[in-house]
Amino acid sequence: MNSKPWARHALACLITCWGGTCQADVDNHDNSPIEFDGSGFFSLTAGKMLSGTKGRANDTECPCFVSDYAQTGVYTGKSGLQWQPDSKLGLQGSMIFTDTPFSLTGQIVARGAQDGAVNLEWLYGNYRINDALTLQLGRKRLPMFYNSDAQDIGYALPWTHLPPQLYGWEAVNYNGANLTWNKPLDNGWHLVANLLAGAETVKESGYWKIYRGPNNRTDVKWDAILGGDLNFSNDWLETRLVYIQSKTSSRNVTGSWNGTTYGIGIETDYTNDARQQIYGLAFNIDRDNWLLKSEFIHINRPGANFRDYAQIVAIGRRIGKWQPMLTWSNYYSKPALGADPNAQEAHATTAFTLRYEVDTSSAVKIQIDDQHDNSGSNWSPKYGDARLLTLSYDRVF
Amino acid sequence: MQAPFTRQQHLAIALALLAFALLRPANASDLVVVTGTHNPINHLSREQVADIYMGRVTTLPGGTSAIPLDLPASSAERETFYNEITGKSAAQIKAYWARMSFTGKGTPPKQVPSSSDIKKYASAKPGVIAYLDEDSLDGSVKVLCTLK
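As you go down the protein sequences, you meet chains A and B in turn. Okay, so the first sequence: first residue is 348 according to our numbering, each after it adds one. Okay, so the second sequence: first residue is 13 according to our numbering, each after it adds one.
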């Protein structure tokens, strides 16, 4: 994610206040016009490739397991433990203007997948219009998926990494505005509706490095982002509908891996805008310590040769401090406009996760992913099958 | 007419009652939700308390901004309180707030060290609500809801 100097400066102020005496407590309510709050999270995740399709795919030694498309988090065929793809550290600072409806929040995240580079993930002003309506302006997460907002908070997730078949797309944040309407209904039901508008530019997209090689540089623009999501929930059931549309364009600057070398890159203009529509549905249950998670997404780019579809279904059980979960995730692209059906990308993963609640701020998880590459014979890059073991320690503070 | 219980059954019931009385924790008093005496509201339902503590509602009836307070994570009252109003454990609540607070959807209740701090802040700040063991009540706060 690219971040602006002014944004880094503003966040530095927040983080400065984060360290030390600014931890929020009720004392700050008494007289201070500004209350500071600091918090953070980290995930320390180690992975070991157990088996899979050997070979060199897209300038990478395989077996390969892509755990995070947007950040180029890839477990490769090298021996030993791999710490980089899913380890991360995040810090969040907030300034709350006491007795006013305004607050300012920023969050930076350093990821192993990006060699520890610090990125600005969130920086937004919050204006509470009334008890039901909240307006936020700034940089936020694009809410394509149920777990988009919380995708970095390992402690809040049941997995060592999100199911990559579903949670993998080229943009994850946006700059703009969103308006949230929060309405408690009768009998314990709640309705939350969220409208958003904005734009995003991703320099050197991590997503396209997966498809064009680790040294590729592709810049991506999403303009005229418009959309919203609707959440309807009670104590044990949560349903979510999402629709987002935008214009997209990109430029391939440093060329793609062609099997031998990267093509010669020339910094060109962005391609003409193309339209895309994103449709999502999630249906989750948490009742009597049984957990069911399901989510579906369809991404339609009318001018593209393939349409994207992805699903997950997971079932788990909370047994004291333990939580086993079985997850199936699937992605496939469907040919359109006369595209070659054998050039279809498709893969599926079955994962078993065991989570242990160490205390009320940390958890340990162990997960085995069994990925099958179901892509067509003409699809490239073909990463193949992979069986991966990951172990994580997640903490919030 | 046949006696409803035999002598042995009477003895068994008496022993069971004695065991219950002995095993019941000495501090099994009710948990109450309180606010300052100057606050005009006199009652909150369990659902209203849950909505405020889960960040779904940010004002009290009448429009005052709600300031929910938590006791420390290690306190038995906190575990009991969340179990009573949400059916979730303290760890589940922590995970819920991790998700909410890092994603711009709300901030968790402020934490205070003890029941006496709760009473102090409830007296000083309009909008404060908190939970207490009934035995800790005094004239500085009033009860909005009894939980157990």
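Ideal Cβ placement from N, Cα and C applies to all residues, glycine included.
Under a three-way DSSP split, which group does residue i fall into?
i	result
tyrosine 554 (chain A)	helix
tryptophan 583 (chain A)	coil
serine 390 (chain A)	strand
alanine 33 (chain B)	Because alanine 33 (chain B) sits at a pLDDT of 48, beneath the cut-off of 50, its placement in the model cannot be relied upon, and the point is left open.
alanine 38 (chain B)	In this predicted model, alanine 38 (chain B) has a pLDDT of only 45, less than 50, meaning its place in the structure is not dependable enough to derive any value.
aspartate 616 (chain A)	coil
tryptophan 726 (chain A)	coil
serine 320 (chain A)	As shown, chain A starts at 348 and ends at 744. That puts residue 320 (chain A) outside it, with no answer to give.
glutamine 370 (chain A)	Because the pLDDT at glutamine 370 (chain A) is just 42, under 50, the model does not fix this residue reliably, and the point stays unresolved.
aspartate 716 (chain A)	strand
serine 739 (chain A)	strand
alanine 571 (chain A)	strand
asparagine 534 (chain A)	helix
isoleucine 141 (chain B)	strand
glutamine 431 (chain A)	coil
arginine 622 (chain A)	strand
glycine 560 (chain A)	coil
lysine 668 (chain A)	coil
alanine 85 (chain B)	coil
proline 511 (chain A)	coil
proline 505 (chain A)	coil
proline 682 (chain A)	strand
serine 398 (chain A)	strand
Could one say the Cβ of residue i lies closer than 8 Å to chain B's Cβ atoms, at least one of them?
i	result
isoleucine 704 (chain A)	According to the sequence displayed, residue 704 (chain A) carries glutamate and not isoleucine. Chain B contact via Cβ: present.
histidine 376 (chain A)	A caution first: histidine 376 (chain A) carries a pLDDT of 47, below 50, which makes its placement in the model unreliable, though a value can still be read off. For histidine 376 (chain A), the answer is yes, since a Cβ of chain B falls inside 8 Å of its Cβ.
serine 386 (chain A)	yes
isoleucine 500 (chain A)	yes
tyrosine 493 (chain A)	no
histidine 537 (chain A)	yes
glutamine 454 (chain A)	yes
valine 743 (chain A)	yes
serine 708 (chain A)	yes
proline 410 (chain A)	no
glutamine 418 (chain A)	no
asparagine 473 (chain A)	yes
arginine 486 (chain A)	no
glutamine 439 (chain A)	yes
Can you confirm whether residue i, when its beta carbon is compared against all beta carbons of chain A, has any partner nearer than 8 Å?
i	result
glycine 99 (chain B)	yes
threonine 47 (chain B)	no
threonine 92 (chain B)	no
threonine 76 (chain B)	no
glutamate 89 (chain B)	no
tyrosine 65 (chain B)	no
lysine 106 (chain B)	yes
alanine 134 (chain B)	no
serine 148 (chain B)	no
valine 61 (chain B)	no
serine 113 (chain B)	yes
Return the first residue and the last residue of the beta strand (DSSP E) that residue i is part of.
i	result
threonine 158 (chain B)	153–158
isoleucine 500 (chain A)	Careful: isoleucine 500 (chain A) lies outside any beta strand (DSSP E) and carries neither H nor E.
valine 61 (chain B)	No beta strand (DSSP E) contains valine 61 (chain B), which is instead part of the alpha helix (DSSP H) from 58–65.
phenylalanine 93 (chain B)	From DSSP, phenylalanine 93 (chain B) is part of no beta strand (DSSP E) but of the alpha helix (DSSP H) over 88–98.
lysine 640 (chain A)	637–647
alanine 749 (chain A)	Outside the displayed range of chain A (348 to 744) lies residue 749 (chain A), so it cannot be described from this structure.
glutamine 454 (chain A)	449–458
glutamate 146 (chain B)	Element bounds for glutamate 146 (chain B): n/a, residue is neither H nor E.
How about residue i and residue j: are their beta carbons less than 8 Å apart?
i	j	result
isoleucine 141 (chain B)	valine 45 (chain B)	yes
leucine 43 (chain B)	glutamate 89 (chain B)	yes
tyrosine 558 (chain A)	proline 728 (chain A)	yes
lysine 100 (chain B)	serine 708 (chain A)	no
glycine 420 (chain A)	glutamate 408 (chain A)	no
aspartate 620 (chain A)	aspartate 570 (chain A)	yes
proline 705 (chain A)	serine 386 (chain A)	Correcting the residue identity first, residue 705 (chain A) is valine in this sequence and not proline. Contact flag unset, no.
glutamine 592 (chain A)	glycine 610 (chain A)	no
alanine 404 (chain A)	tyrosine 730 (chain A)	yes
glycine 437 (chain A)	phenylalanine 388 (chain A)	yes
asparagine 520 (chain A)	glycine 116 (chain B)	no
Between which two residues does the alpha helix (DSSP H) containing residue i stretch?
i	result
tyrosine 493 (chain A)	First-last for tyrosine 493 (chain A): undefined, no H or E at that position.
serine 113 (chain B)	102–113
isoleucine 611 (chain A)	Counting along the chain, isoleucine 611 (chain A) falls outside any alpha helix (DSSP H), and DSSP gives it neither H nor E.
tyrosine 133 (chain B)	127–136
Quiz item: Does the stretch 376–396 of chain A touch the stretch 589–596 of chain A, meaning 3 or more C-beta pairs lie closer than 8 Å?
Solution: no
Quiz item: Does the stretch 508–524 of chain A touch the stretch 674–683 of chain A, meaning 3 or more C-beta pairs lie closer than 8 Å?
Solution: yes
Self-check item: the stretch 143–157 of chain B touching the stretch 50–57 of chain B, judged by at least three CB pairs closer than 8 Å
Solution: yes
Quiz item: Do the stretch 510–529 of chain A and the stretch 411–428 of chain A make contact, defined as three or more Cβ pairs closer than 8 Å?
Solution: yes
Quiz item: Do the stretch 517–531 of chain A and the stretch 477–491 of chain A make contact, defined as three or more Cβ pairs closer than 8 Å?
Solution: yes
Exercise. Report yes or no: do three or more beta-carbon pairs, one from the stretch 532–540 of chain A and one from the stretch 705–724 of chain A, lie closer than 8 Å?
Key: no
Quiz item: When the Cβ atoms of the stretch 491–502 of chain A are set against those of the stretch 678–689 of chain A, are three or more pairs found closer than 8 Å?
Solution: no
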